[in-house]
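Student: Counting in this note's numbering, the sequence shown runs from 4 upward without gaps.
For every residue, glycine included, the Cβ atom is placed at its ideal position computed from N, Cα and C.
Here the structure is a predicted model, which means the values were calculated and not measured.
Pasting a structure here, questions to come.
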Amino acid sequence: MKYFTEALGFNVRHICSSIKTNNDHIMTIAEIDNEKYLIDVGSGYPTFEAIPINFEKESKVYQHSFLEYKFAKEEKDESLMIIRLHKKGDFRPGSDAATTSASWRVACIIDPMPRDLSFFDSSMSLIYSSSDHLVFHTSLRIILFPNGGQALVLRDKLLYKEDSNTHELVIKKEFDNFSDIIEEIKTLFPLLYDEAKKIVN
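And the structure:
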(Lines of atoms letter the chains of each structure in order from A and count residues from 1; the text may use other names and numbers.)
(Lines give C-alpha, C1' and ligand atoms only; values in the text may rest on other atoms or scores of the structure.)
Protein backbone atom coordinates (compact mmCIF):
# COMPACT_ATOMS: atom_id res chain seq x y z
CA MET A 1 0.00 0.00 0.00
CA LYS A 2 2.87 2.38 0.79
CA TYR A 3 4.42 2.09 -2.66
CA PHE A 4 1.08 2.32 -4.45
CA THR A 5 0.19 5.51 -2.57
CA GLU A 6 3.63 6.99 -3.21
CA ALA A 7 3.08 6.45 -6.94
CA LEU A 8 -0.02 8.65 -6.65
CA GLY A 9 2.13 11.53 -5.44
CA PHE A 10 1.72 11.25 -1.69
CA ASN A 11 4.48 11.42 0.91
CA VAL A 12 3.98 8.07 2.64
CA ARG A 13 5.36 6.34 5.72
CA HIS A 14 4.80 3.12 7.61
CA ILE A 15 3.43 3.36 11.14
CA CYS A 16 2.63 0.68 13.70
CA SER A 17 -0.45 -0.17 15.66
CA SER A 18 -1.26 -2.65 18.38
CA ILE A 19 -4.40 -4.77 18.11
CA LYS A 20 -3.74 -7.81 20.29
CA THR A 21 -0.03 -7.49 21.05
CA ASN A 22 2.45 -4.63 20.68
CA ASN A 23 3.19 -3.54 17.11
CA ASP A 24 1.29 -6.43 15.55
CA HIS A 25 -0.24 -4.43 12.68
CA ILE A 26 1.25 -2.13 10.01
CA MET A 27 -0.63 0.93 8.77
CA THR A 28 0.19 3.77 6.40
CA ILE A 29 0.06 7.54 6.76
CA ALA A 30 -0.08 9.52 3.51
CA GLU A 31 0.54 13.27 3.35
CA ILE A 32 -0.19 15.72 0.55
CA ASP A 33 -0.57 19.52 0.71
CA ASN A 34 0.10 19.39 4.48
CA GLU A 35 -2.90 17.11 5.02
CA LYS A 36 -2.33 13.69 6.62
CA TYR A 37 -4.46 10.61 6.02
CA LEU A 38 -4.52 7.22 7.73
CA ILE A 39 -4.80 4.21 5.40
CA ASP A 40 -5.56 0.72 6.69
CA VAL A 41 -6.28 -2.18 4.35
CA GLY A 42 -5.13 -5.23 6.29
CA SER A 43 -7.22 -5.50 9.44
CA GLY A 44 -10.21 -7.33 7.94
CA TYR A 45 -12.55 -4.52 8.91
CA PRO A 46 -14.03 -2.24 6.24
CA THR A 47 -12.21 1.08 5.95
CA PHE A 48 -13.22 2.27 2.52
CA GLU A 49 -11.52 5.66 2.51
CA ALA A 50 -8.38 7.41 3.67
CA ILE A 51 -9.09 8.90 7.10
CA PRO A 52 -8.00 12.53 7.63
CA ILE A 53 -6.21 12.79 10.98
CA ASN A 54 -6.12 16.56 11.33
CA PHE A 55 -8.97 16.44 13.87
CA GLU A 56 -8.31 17.86 17.35
CA LYS A 57 -9.67 15.20 19.71
CA GLU A 58 -12.07 12.93 17.80
CA SER A 59 -12.82 12.19 14.17
CA LYS A 60 -16.31 12.02 12.77
CA VAL A 61 -18.13 8.70 13.08
CA TYR A 62 -17.75 6.43 10.04
CA GLN A 63 -20.18 3.75 8.88
CA HIS A 64 -18.65 1.43 6.31
CA SER A 65 -20.57 -1.73 5.54
CA PHE A 66 -21.38 -3.46 8.86
CA LEU A 67 -18.98 -1.44 11.03
CA GLU A 68 -19.43 1.82 12.92
CA TYR A 69 -16.11 3.33 14.01
CA LYS A 70 -14.19 6.52 14.79
CA PHE A 71 -10.76 7.71 15.90
CA ALA A 72 -9.56 9.70 18.90
CA LYS A 73 -6.25 11.22 19.96
CA GLU A 74 -4.82 10.45 23.37
CA GLU A 75 -1.59 11.15 25.26
CA LYS A 76 0.14 7.92 26.26
CA ASP A 77 3.55 7.85 27.94
CA GLU A 78 4.14 11.46 26.81
CA SER A 79 3.44 10.53 23.18
CA LEU A 80 0.38 11.29 21.08
CA MET A 81 -1.46 8.14 20.02
CA ILE A 82 -4.44 7.63 17.73
CA ILE A 83 -7.05 5.26 19.10
CA ARG A 84 -9.35 3.36 16.75
CA LEU A 85 -12.74 2.79 18.37
CA HIS A 86 -15.45 0.37 17.22
CA LYS A 87 -19.12 0.36 18.10
CA LYS A 88 -21.83 -1.46 16.17
CA GLY A 89 -20.55 -4.31 14.02
CA ASP A 90 -17.38 -5.30 15.87
CA PHE A 91 -17.38 -9.11 15.90
CA ARG A 92 -14.03 -9.82 17.52
CA PRO A 93 -13.85 -12.45 20.28
CA GLY A 94 -15.31 -10.94 23.41
CA SER A 95 -17.54 -8.64 21.37
CA ASP A 96 -20.49 -10.99 20.87
CA ALA A 97 -23.00 -8.30 21.83
CA ALA A 98 -21.31 -5.66 19.73
CA THR A 99 -23.87 -5.60 16.94
CA THR A 100 -26.28 -3.87 19.31
CA SER A 101 -23.80 -2.24 21.67
CA ALA A 102 -24.19 1.40 22.69
CA SER A 103 -20.60 1.74 23.87
CA TRP A 104 -17.33 2.35 22.06
CA ARG A 105 -14.51 -0.19 22.41
CA VAL A 106 -10.82 0.19 21.67
CA ALA A 107 -9.98 -1.76 18.51
CA CYS A 108 -6.32 -0.74 18.27
CA ILE A 109 -3.80 1.84 19.42
CA ILE A 110 -1.90 3.57 16.62
CA ASP A 111 1.53 5.15 17.01
CA PRO A 112 1.89 7.76 14.22
CA MET A 113 5.70 7.86 14.45
CA PRO A 114 7.29 6.88 11.08
CA ARG A 115 8.94 3.44 11.08
CA ASP A 116 11.23 1.56 8.73
CA LEU A 117 10.05 -1.91 7.81
CA SER A 118 12.91 -3.40 9.81
CA PHE A 119 11.22 -2.06 12.96
CA PHE A 120 8.58 -4.77 12.53
CA ASP A 121 10.99 -7.71 12.17
CA SER A 122 10.55 -9.00 15.70
CA SER A 123 6.81 -8.49 16.11
CA MET A 124 5.91 -9.82 12.65
CA SER A 125 8.15 -12.88 13.03
CA LEU A 126 6.24 -13.73 16.20
CA ILE A 127 2.87 -13.25 14.51
CA TYR A 128 3.69 -15.53 11.60
CA SER A 129 5.31 -18.26 13.69
CA SER A 130 3.36 -18.42 16.97
CA SER A 131 -0.26 -19.55 17.24
CA ASP A 132 -0.34 -18.04 20.74
CA HIS A 133 -0.25 -14.54 19.29
CA LEU A 134 -2.67 -14.70 16.39
CA VAL A 135 -5.94 -16.57 15.88
CA PHE A 136 -5.37 -16.92 12.14
CA HIS A 137 -3.12 -19.94 12.69
CA THR A 138 -6.09 -21.93 13.98
CA SER A 139 -9.16 -20.03 12.79
CA LEU A 140 -10.23 -19.49 9.18
CA ARG A 141 -11.20 -15.87 8.40
CA ILE A 142 -12.06 -14.48 4.95
CA ILE A 143 -13.91 -11.27 4.13
CA LEU A 144 -15.20 -10.10 0.76
CA PHE A 145 -17.11 -7.07 -0.50
CA PRO A 146 -18.35 -8.20 -3.95
CA ASN A 147 -18.34 -5.24 -6.36
CA GLY A 148 -18.15 -2.92 -3.35
CA GLY A 149 -21.44 -4.32 -2.07
CA GLN A 150 -22.59 -6.16 1.04
CA ALA A 151 -19.97 -7.99 3.03
CA LEU A 152 -19.51 -11.75 3.02
CA VAL A 153 -17.57 -13.06 6.02
CA LEU A 154 -16.37 -16.64 6.37
CA ARG A 155 -15.38 -17.32 9.96
CA ASP A 156 -14.57 -20.91 10.82
CA LYS A 157 -17.75 -22.88 10.02
CA LEU A 158 -20.07 -19.89 9.63
CA LEU A 159 -20.75 -17.75 6.57
CA TYR A 160 -22.17 -14.30 7.36
CA LYS A 161 -23.79 -11.88 4.95
CA GLU A 162 -24.44 -8.20 5.50
CA ASP A 163 -28.15 -7.35 5.65
CA SER A 164 -28.87 -4.68 3.02
CA ASN A 165 -31.29 -2.82 5.32
CA THR A 166 -29.73 -3.00 8.79
CA HIS A 167 -26.09 -3.54 7.65
CA GLU A 168 -25.77 -6.15 10.39
CA LEU A 169 -23.97 -9.42 9.71
CA VAL A 170 -26.39 -12.35 9.77
CA ILE A 171 -25.57 -16.04 9.50
CA LYS A 172 -26.26 -17.23 5.97
CA LYS A 173 -24.88 -20.75 6.20
CA GLU A 174 -23.28 -23.16 8.69
CA PHE A 175 -20.94 -25.84 7.38
CA ASP A 176 -20.76 -29.39 8.69
CA ASN A 177 -17.31 -30.28 7.42
CA PHE A 178 -14.16 -28.82 5.94
CA SER A 179 -14.90 -30.14 2.44
CA ASP A 180 -18.04 -28.01 2.26
CA ILE A 181 -16.02 -24.98 3.35
CA ILE A 182 -13.50 -25.59 0.56
CA GLU A 183 -16.30 -25.79 -2.02
CA GLU A 184 -17.71 -22.50 -0.75
CA ILE A 185 -14.29 -20.87 -0.98
CA LYS A 186 -13.96 -22.10 -4.58
CA THR A 187 -17.29 -20.44 -5.39
CA LEU A 188 -17.01 -17.18 -3.46
CA PHE A 189 -13.25 -16.63 -3.50
CA PRO A 190 -11.94 -18.33 -6.68
CA LEU A 191 -8.80 -16.20 -6.90
CA LEU A 192 -7.89 -17.00 -3.29
CA TYR A 193 -8.50 -20.69 -3.92
CA ASP A 194 -6.30 -20.70 -7.03
CA GLU A 195 -3.47 -18.88 -5.24
CA ALA A 196 -3.68 -21.23 -2.25
CA LYS A 197 -3.41 -24.22 -4.59
CA LYS A 198 -0.22 -22.78 -6.07
CA ILE A 199 1.32 -22.46 -2.61
CA VAL A 200 0.34 -25.99 -1.58
CA ASN A 201 1.52 -27.50 -4.84
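1. Our contact map puts Phe69 next to Leu172 with C-beta atoms below 8 Å; I'd like the distance itself, whole angstroms only.
2. If contact is defined by three or more beta carbon pairs under 8 Å, each pair taking one atom from either stretch, is the segment 105-125 in contact with the segment 20-37?
3. Should Asp197 be labelled buried (16 or more other beta-carbon atoms within 10 Å of its own) or exposed?
4. Spell out a yes or no on whether the segment 110-117 and the segment 66-86 are touching, meaning 3 or more CB-CB pairs, one atom from each, closer than 8 Å.
5. Return the chain-ordered ranges of every beta strand (DSSP E) run that is complete within the segment 112-181 and spans a minimum of 3 residues.
6. To test your reading of the DSSP string, which unbroken alpha helix (DSSP H) runs of 4 or more residues are found completely within the segment 9-73?
7. Tell me the DSSP secondary structure of Lys91 in three-state form.
8. Using only the alpha-carbon positions, how far apart do Ser46 and Ala110 sit?
9. Drop a sphere of 10 angstroms on the beta-carbon of Val64, count the other beta-carbons inside from all chains shown, and report buried for 16 or more, exposed for fewer.
10. Can you give the beta carbon distance from Pro55 to Glu38, rounded, assuming they're within the 8 Å contact cut?
11. Using the Cα positions of Phe7 and Leu41, report the straight-line distance between them to the nearest angstrom.
12. According to DSSP, is Glu81 helix, strand or coil?
13. Could you tell me which of Asp119, Ser21 and Ala33 sits nearest to Asn14, measuring between CA atoms?
14. Distance, Cα to Cα, Lys60 vs Ala75?
15. Assuming Ile188 and Leu195 form a contact by the criterion Cβ under 8 Å, report the distance between their Cβ atoms to the nearest whole angstrom.
16. CA-CA distance, Gly151 and Lys90?
17. Just the Cα atoms here: how many angstroms apart are Glu9 and Asp179?
18. So is Gly92 buried or exposed if we call it buried at 16+ other beta carbons inside 10 Å?
Tutor: According to the structure shown:
1. 5 Å
2. yes
3. exposed
4. yes
5. 144-147, 155-158, 161-165 and 172-177
6. Within the segment 9-73, there are no complete alpha helix (DSSP H) runs of at least 4 residues.
7. DSSP places Lys91 outside both helix and strand once states are collapsed to three, so it counts as coil.
8. 10 Å
9. exposed
10. That pair is a contact at about 6 Å.
11. Linking Phe7 to Leu41 through their CA atoms gives a straight-line distance of about 14 Å.
12. coil
13. Ala33
14. 6 Å
15. 7 Å
16. Approximately 22 Å, taken between the alpha carbons.
17. 45 Å
18. Counting C-beta atoms within 10 angstroms of its own C-beta, Gly92 has 16 or more neighbours from the protein chains shown and is therefore classed as buried.
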